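S.K.: Per numbering that gives the first Met the number 0, the sequence shown starts with residue 0, numbered consecutively. The C-beta atom is built at its ideal place from N, Cα and C for all residues, glycine as well. Since this is a predicted model, take the numbers as computed values, not measurements. First the structure, which I've put down as structure tokens, then a few questions once you've had a look.
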Amino acid sequence: MPDINDVQAAMRLWHEAHTAVMDFYEANNILEPGKFEEWLALRAVEDKVRQQADALIEQARSQPA
0 MPDINDVQAA MRLWHEAHTA VMDFYEANNI LEPGKFEEWL ALRAVEDKVR QQADALIEQA
60 RSQPA
């Protein structure tokens with residue numbers, strides 16, 4: 000079962016993915032079709048990583064103390 004170290008690692012990955020989304024957004028005009036598609040792809044990765052972190056947190060929280 001996951002422990003706090005696993006949860007913290009998952010949260011760091013989510014933070015890195017979110018940072019990549021925001022860095023891209025700040026450095027590019029996402030209204031341009033090509034840039035918008037790249038931004039959407041980064042957001043999809045961020046969403047997946049966030050969902051994985053959420054699932055890991057739920058697993059860790061469901062463990063007996």
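DSSP state of D5, grouped into three classes?
M.R.: D5 falls in the helix class under three-state DSSP.
S.K.: Note the first and the last residue of the continuous alpha helix (DSSP H) segment covering I56.
M.R.: Per DSSP, I56 belongs to the alpha helix (DSSP H) from 32-60.
S.K.: Looking at C-alpha atoms only, which residue of V20, N28, A54 is the closest neighbour of L41?
M.R.: Nearest of V20, N28, A54 to L41, Cα basis: V20.
S.K.: Rounded to the nearest angstrom, what separates V48 and E31 at their Cα positions?
M.R.: About 26 Å.
S.K.: For a test of the three-state rule: what should DSSP assign to M21, helix, strand or coil?
M.R.: M21 falls in the helix class under three-state DSSP.
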